[in-house]
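Position one of the sequence shown corresponds to residue 3 (my numbering), numbered consecutively onward. Glycine included, each C-beta is placed from N, C-alpha and C at the ideal position. Remember, predicted model here, so these are calculated numbers, not experimental data.
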Amino acid sequence: MNEPAKPRDPWGPYANPDDIARLVYDRMMWRLPDMRARMLAHWLDDRHPHSERFQERGALIEDLLTSTESDADLDLRLRAQGTSLRAAARDIPSVFGSFF
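Shown next as structure tokens:
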């Protein structure tokens with residue numbers, strides 16, 4: 003007898019809790035217009051060590067933060083574009099420093 007297929011975990015067998023938390027919490031903050039503006043200013047600031055990476059991949063990161071899709075559906079869509087949820091979540095810059 004065949005067992006039903008288990009849903010695939012978009013985070014993979016070695017999920018990084020920091021990546022998952024960054025996506026979850028940044029999505030919550032992104033919904034607040036003032037916080038979104040503050041995050042954008044922070045990530046685009048030349049003092050931020052990943053500002054160049056954000057400038058290159060900002061559209062992908064904003065897509066992640068605004069998406070209302072499930073993680074599994076978002077992962078499938080991103081895989082069709084040549085990346086994955088796990089890889090894209092790692093591109094979300096951290097929020098830190100006295101200039102935030």
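- Histidine 52 has its alpha-carbon roughly 7 Å from the corresponding atom of tryptophan 45.
- Taking C-beta atoms as the reference points, leucine 25 and alanine 74 fail to come closer than 7 Å.
- Annotated three-state conformation of tyrosine 27 is helix, per DSSP.
- For tryptophan 32, the CB contacts under 6 Å within the same chain, skipping 5 residues up- and downstream, are Arg38, Leu67 in chain order.
- Between arginine 59 and aspartate 28, the beta carbon gap of about 14 Å keeps them out of contact (Cβ cut-off 8 Å).
- For the beta strand (DSSP E) assignment, the stretch 43-76 encloses no uninterrupted run of at least 3 residues.
- Shown here, leucine 78 sits in a helix according to DSSP, grouped into three states.
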